[in-house]
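Engineer: Submitted below is the structure of interest, expressed as structure tokens.
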Amino acid sequence: KVGKRVWVGLGCTIRDHVNVGNDCKVLLNSVLISSIEDGMEVSGFYAMPNYSWLMHMKDLYKKYILKKN
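Every number in this note's numbering is 66 more than the matching position in the sequence shown, counting from 1.
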């Protein structure tokens with residue numbers, strides 16, 4: 067079930083029986099496996115709030131990429 071004014075980016079996967087609230091954004095290549103509330107913006111594999119995903123990727127970048135250089 068998808069609410070009103072929802073934006074779903076290219077390459078997203080949304081599992082069966084998942085509710086997407088009104089005014090949500092599911093960003094590019096996200097994998098949505100659980101319902102999200104109105105107004106949320108999610109990204110990642112598995113989808114989480116976008117800010118959390120960005121912080122997670124920033125930590126991984128510091129841990130792995132910067133050590134190699």
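In this text, a Cβ means the ideal position worked out from N, Cα and C, and glycines have one as well.
Roughly how many angstroms separate the alpha carbons of L93 and L132, rounded to a whole number?
Structural biologist: As a working note, residue 93 is residue 27 in the sequence shown. As a working note, residue 132 is residue 66 in the sequence shown. If I take the Cα positions, the gap works out to 26 Å.
Engineer: Consult DSSP for I99 and reduce its assignment to one of helix, strand or coil.
Structural biologist: Your numbering for residue 99 matches position 33 in the sequence shown. Residue state, collapsed to three classes: coil.
Engineer: Tell whether a beta-carbon distance below 8 Å holds between S96 and V86.
Structural biologist: Taking the first residue of the sequence shown as 1, we reach residue 96 at position 30. Taking the first residue of the sequence shown as 1, we reach residue 86 at position 20. Cβ atoms of S96 and V86: not closer than 8 Å.
Engineer: Once the 5 residues before and after N88 are set aside, which same chain residues still bring their CB inside 8 Å of it?
Structural biologist: To locate residue 88, count along the sequence shown from 1; it is residue 22. Cβ within range, chain order: G69, K70, R71, V72, D104 and G105.
Engineer: Exposed or buried, what is I102 when buried is set at 16 or more other beta-carbons lying within 10 Å of its beta-carbon?
Structural biologist: Translated into positions along the sequence shown, residue 102 becomes position 36. Buried, by the Cβ-count rule.
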